[in-house]
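Convert by adding 16 to the 1-based position in the sequence shown; the result is the number in our numbering.
Here a beta-carbon is modelled for each residue, glycine too, at the ideal position from N, C-alpha and C.
All remarks here apply to the structure that follows.
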Amino acid sequence: MAALLATPASAQADRQVVPLADGWEFSREEGVPDAATTLQWQQVAVPHTWNQVGYYLPDPESHINREESVDKYQGTGWYRLTFTPDSTFENRHAWLQFDAASRTAEVWLNGQRLGEHRGGFSRFRLDATAALRPGQPNTLLVKVDNTQPEVGTSTADILPLAGDFFVHGGLYRPVSLIGTSAVHVDMLDAGGSGILATTREVTGGTAQVDVRVRARNDGSRARNANVVARLVDAGGRTVATAQQRIRLPADGAGEVTQTLAVEDAHLWDGMADPYLHQLVVEVASTSGEVLDRVAQPFGIRTMQADPVSGFLLNGKPLRLHGVGYHQDREGKGWAVTPADIEQDFEIMREMGVNTIRLTHYQHGQVIHDLADRHGMILWDEIPLVSRWTLGTDAVATPELLANARQQLRELILQNANHPSVFTWGIANEVDFGKSIPAFISTAKDMPAPDPLPLLRNLNELAKAEDPSRATSLATCCEGRLGVTAEVPTTAVAADLGGANRYFGWYYGEPGDLSGHLDQMHALRPDQPLSVTEYGAGGATTIHTDNPLGGRVDQRGRNQPEEYESYIHERAWETLASKPYLWATWLWNSFDFATTVRREGDAIDINTKGLVTYDRQIRKDAYYFYKANWNSAPTVHINGRRYTDRAYPAADVRVYSNAPTTELSVNGRVVGAMSGCPQMICVWPKVTLAAGTNRIVARGLFPDGAQEDTVEWQLAPDAVRAIRIDSGALVAPEVTGKRYGSDDFFEGGKPGEVNAYSGYGPRPEMKVVTGTSEGAVVETYREGQFAYKVPLPNGRYTVDLTFVEPSSGAGERQFDVTANGARVIAALDVADVAGGPLKAITRSVPVGVTNGVLELAFVPVRGDAIVSGIEITQ
Numbered sequence: 017m018a019a020l021l022a023t024p025a026s027a028q029a030d031r032q033v034v035p036l037a038d039g040w041e042f043s044r045e046e047g048v049p050d051a052a053t054t055l056q057w058q059q060v061a062v063p064h065t066w067n068q069v070g071y072y073l074p075d076p077e078s079h080i081n082r083e084e085s086v087d088k089y090q091g092t093g094w095y096r097l098t099f100t101p102d103s104t105f106e107n108r109h110a111w112l113q114f115d116a117a118s119r120t121a122e123v124w125l126n127g128q129r130l131g132e133h134r135g136g137f138s139r140f141r142l143d144a145t146a147a148l149r150p151g152q153p154n155t156l157l158v159k160v161d162n163t164q165p166e167v168g169t170s171t172a173d174i175l176p177l178a179g180d181f182f183v184h185g186g187l188y189r190p191v192s193l194i195g196t197s198a199v200h201v202d203m204l205d206a207g208g209s210g211i212l213a214t215t216r217e218v219t220g221g222t223a224q225v226d227v228r229v230r231a232r233n234d235g236s237r238a239r240n241a242n243v244v245a246r247l248v249d250a251g252g253r254t255v256a257t258a259q260q261r262i263r264l265p266a267d268g269a270g271e272v273t274q275t276l277a278v279e280d281a282h283l284w285d286g287m288a289d290p291y292l293h294q295l296v297v298e299v300a301s302t303s304g305e306v307l308d309r310v311a312q313p314f315g316i317r318t319m320q321a322d323p324v325s326g327f328l329l330n331g332k333p334l335r336l337h338g339v340g341y342h343q344d345r346e347g348k349g350w351a352v353t354p355a356d357i358e359q360d361f362e363i364m365r366e367m368g369v370n371t372i373r374l375t376h377y378q379h380g381q382v383i384h385d386l387a388d389r390h391g392m393i394l395w396d397e398i399p400l401v402s403r404w405t406l407g408t409d410a411v412a413t414p415e416l417l418a419n420a421r422q423q424l425r426e427l428i429l430q431n432a433n434h435p436s437v438f439t440w441g442i443a444n445e446v447d448f449g450k451s452i453p454a455f456i457s458t459a460k461d462m463p464a465p466d467p468l469p470l471l472r473n474l475n476e477l478a479k480a481e482d483p484s485r486a487t488s489l490a491t492c493c494e495g496r497l498g499v500t501a502e503v504p505t506t507a508v509a510a511d512l513g514g515a516n517r518y519f520g521w522y523y524g525e526p527g528d529l530s531g532h533l534d535q536m537h538a539l540r541p542d543q544p545l546s547v548t549e550y551g552a553g554g555a556t557t558i559h560t561d562n563p564l565g566g567r568v569d570q571r572g573r574n575q576p577e578e579y580e581s582y583i584h585e586r587a588w589e590t591l592a593s594k595p596y597l598w599a600t601w602l603w604n605s606f607d608f609a610t611t612v613r614r615e616g617d618a619i620d621i622n623t624k625g626l627v628t629y630d631r632q633i634r635k636d637a638y639y640f641y642k643a644n645w646n647s648a649p650t651v652h653i654n655g656r657r658y659t660d661r662a663y664p665a666a667d668v669r670v671y672s673n674a675p676t677t678e679l680s681v682n683g684r685v686v687g688a689m690s691g692c693p694q695m696i697c698v699w700p701k702v703t704l705a706a707g708t709n710r711i712v713a714r715g716l717f718p719d720g721a722q723e724d725t726v727e728w729q730l731a732p733d734a735v736r737a738i739r740i741d742s743g744a745l746v747a748p749e750v751t752g753k754r755y756g757s758d759d760f761f762e763g764g765k766p767g768e769v770n771a772y773s774g775y776g777p778r779p780e781m782k783v784v785t786g787t788s789e790g791a792v793v794e795t796y797r798e799g800q801f802a803y804k805v806p807l808p809n810g811r812y813t814v815d816l817t818f819v820e821p822s823s824g825a826g827e828r829q830f831d832v833t834a835n836g837a838r839v840i841a842a843l844d845v846a847d848v849a850g851g852p853l854k855a856i857t858r859s860v861p862v863g864v865t866n867g868v869l870e871l872a873f874v875p876v877r878g879d880a881i882v883s884g885i886e887i888t889q
């Protein structure tokens, strides 16, 4: 039993706030913990979650989350706490505050049911006055339930119904006991402060701030009261005051709206000057006794998104570039500490982020306070993600609509006073139509449910609760390449547009993004447009020699870190050139837990983060943005985790914002570069030696040099023999031989014998015969193409392996030349091999006299093709 002492109250106006963090017991067993039932309890501290989801496959001993420690249970959990509140609560009104409980919570105090809350992300309060026993032991019992919503379940009407993230269960944010006067700024204002303050305008240095205050009287008789609002600057000087009389009925509430006029207003100006005032609201008796006082930071600012000029802060353009953010981390799930969140925030700030999209649900107080203090712009949103009906429902049920409205109202009233918050997001990717039927309906012959009635309802609610802010939503599919099913146009349901687009990852090519955005902008020229998600998976233990060498497996294992960097380089090149975009957010800041993925080097982790789930590794792409977004000196050599190199020549790619960057390898200066486009300096095909290679990039900044160093290993066999797996993005392991992924090529396109789109059931695997190197020959390069391989001058043998994927004899013929001399004429692989899927090898002697071996594959009929190249001295 914990004896808790409240913070001494200096006056009746000061609230007593008692954290309820330690001494909790938890049980996951079925049943009700009453006198007739004995559950198995374990000691825990709150915040707490019972879930542990997502793990990396390599080096399990270095991680908290491992296969044997995973806990994906979704169902009921019980929490119990015995505590003794201070006797001063005898004269106070008592409230239990839960900053979040997932997904539902039902609360009893000393056997008396106080109420329930349905929704896993928002703060809620329950009146505990009648049940509380000041100065005596009290028993608090909480039932929580994070059951996955399905037809007939206890959570069927609670958002989110779906989503590419795991919904952890538990009391994962703080719990506290609060004491107030019977007359107070409303504690039952949807978990908010009871205050809604808005900068209506700033004209000629004078700001008009509207302050709406809801007050409540829990006494047995009506009361007259005075509501006083004051704005206090950072030096403690009151710069504006307003006062208004209010009549509060017994056991009832009232509302007043006042305007504060601030002369020579010091504005909250984002990261340039995140200046905060204090907004102090007091409710006093008519005789002047202050009954309740609430003080919170407040920033005076104006924000606007313009369809042509982009985002405007206090009337000035500001390019917003940032990240999406999920709240979980390895070993803790959602039960993170303020220190954890602050560490995440600092990692994002160091990268140069100036905006965060808080996805895909309401985040807590800490991240909002940090954004206020440091000038970060926030997009807040509710968990209306991908799906809004269950089973064969054609529209959202009344219960689900009510829950969506509740969660949106809570989001707004709990966060509207944060100057960092710009927009209320009402949905994410509810425009799949029937392009992904699993998100929509189990009835294949029914039309897809229409999300627009729900979206319009939510948009109207957001406008009613907070007319000062724009609404927004993120779409997946409108105008997107590769979508053949009819999809609804949902962007029109909100003020601001947001596009989640993964060109070069799930569909299309990276270069398609530019034309697509221009098309969306032209389609609705009066609606401001942003890009709310883009990116790619990046496994820190999987690597490629060339990100263009083969097809990425976006739903499988081949997701090298270098390909993630490539996608971000190409995407940012496009996004930076679109002044009409009011913001861009990449996906995602950190790897996060989900149970719909088995990809890259992880299980149940979305690896699109630029930092790993455990926050231990900042991937290469992180430094690309740091070099572009942060003016602090940055020099970073890519491929630092690809230490065991396949080839004796490799591109050295450096992200550097230095005026000049020098590169040296093994003590020899390779060269210097200035004005590198997008802060990307590339030294192509730098020669490596057998053994350890020390690569140093040195950025020459006005205030001194900054260096980055990596060491790459090259086995002696990789010098004697170069083995290229044509068409492979990631080279397979072959017993006795080291292959590299496809590289040194010009032209052509990669292909796979067992190509798979990533959607639907995998086709039956095709087997290539005639070779022991099956994984190598299952990929190929075809078309008209050449390989230019840097080699020391001398004599070599080139072994070329060919496989015909599907054509018959006579359908494909091609020549092969070596340094201009034809060495294979009119090869018909299917004819020579006796049909498709049968490997053949041709060996040719070649000589190198100018440091490069050029192998050209020249079509005679159809496309040329090759599956493997082995070059030996």
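From residue i to residue j, what does the alpha carbon distance come to, in whole angstroms?
i, j, result
"VAL860", "VAL681", "33 angstroms"
"VAL369", "ARG714", "25 angstroms"
"PRO333", "PHE760", "44 angstroms"
"THR371", "ASP388", "11 angstroms"
"PRO165", "GLU580", "33 angstroms"
"ALA890", "ARG403", "A question about residue 890 goes unanswered here, because the residues of the chain that appear run from 17 up to 889."
"ASN891", "ARG44", "Outside the displayed range of the chain (17 to 889) lies residue 891, so it cannot be described from this structure."
"VAL769", "PRO576", "20 angstroms"
"ASN673", "SER647", "8 angstroms"
"ASN622", "GLY347", "16 angstroms"
"ASP528", "THR275", "50 angstroms"
"GLY720", "THR676", "11 angstroms"
"ILE211", "ARG237", "24 angstroms"
"VAL814", "VAL868", "13 angstroms"
"ARG425", "GLY136", "14 angstroms"
Quick one: is residue i buried, meaning 16 or more other Cβ sit within 10 Å of its Cβ, or exposed?
i, result
"ASP534", "exposed"
"LEU564", "exposed"
"MET1", "With the chain covering only 17 through 889, there is no way to say anything about residue 1."
"SER209", "buried"
"PRO732", "exposed"
"GLU415", "exposed"
"VAL792", "buried"
"ASP741", "buried"
By Cβ distance below 8 angstroms, which residues in the same chain neighbour residue i in space, the five residues on each side in sequence not counted?
i, result
"ALA418", "ASP173"
"GLN800", "GLY763, GLY764, PHE873, VAL874, PRO875, ASP879 and ALA880"
"MET695", "PHE640, ALA643, ASN644, THR650, TYR671, SER672 and ASN673"
"GLN722", "PRO649, THR650, VAL651, ALA674, ARG714 and GLY715"
Please go through the same chain and pick out, in chain order, the residues whose beta-carbon is closer than 7 angstroms to the beta-carbon of residue i, but skip the five residues on each side of it.
i, result
"ILE428", "TRP440, ALA478, GLU481 and ASP482"
"VAL746", "ILE558, THR560, ASN574, PRO576 and SER757"
"THR23", "Confidence at THR23 is low in this model, with a pLDDT of 35, below 50, so its placement is unreliable and the value that follows should be read with caution. Around THR23: GLN32 and VAL33."
"ALA744", "GLY565, GLY566, SER757, ASP758 and THR795"
"ARG239", "VAL199, ASN233 and LEU264"
Within the same chain, show all residues whose beta-carbon is closer than 6 angstroms to that of residue i, passing over the 5 residues directly before and after it, in chain order.
i, result
"PHE717", "PRO649 and ALA674"
"THR833", "ALA872"
"ARG139", "ASP115, GLY207 and GLN430"
I'd like to confirm the pairing. Which residues does DSSP put opposite residue i in its beta bridges?
i, result
"ILE262", "ALA241"
"TYR72", "ALA618"
"THR92", "ASP161"
Which runs of the beta strand (DSSP E), 3 residues or longer, sit entirely within the segment 200-242?
211-219 and 222-233
Segments assigned beta strand (DSSP E), at least 3 residues, entirely inside the segment 116-143:
120-125, 128-134 and 140-143
Please give me, in chain order, every unbroken run of the alpha helix (DSSP H) with length at least 4 that falls completely inside the segment 763-817.
790-793
Segments assigned beta strand (DSSP E), at least 3 residues, entirely inside the segment 174-202
191-196 and 199-201
Report the start-end ranges of each alpha helix (DSSP H) in the segment 627-676 that is 4 residues or longer and not cut off at the edges.
636-645
Could you name each continuous alpha helix (DSSP H) segment of 4 residues or more that falls completely within the segment 486-562, going from the start of the chain to the end?
528-539
Please specify which runs of the beta strand (DSSP E), each continuous and at least 3 residues long, are wholly inside the segment 374-443, giving them in chain order.
393-397
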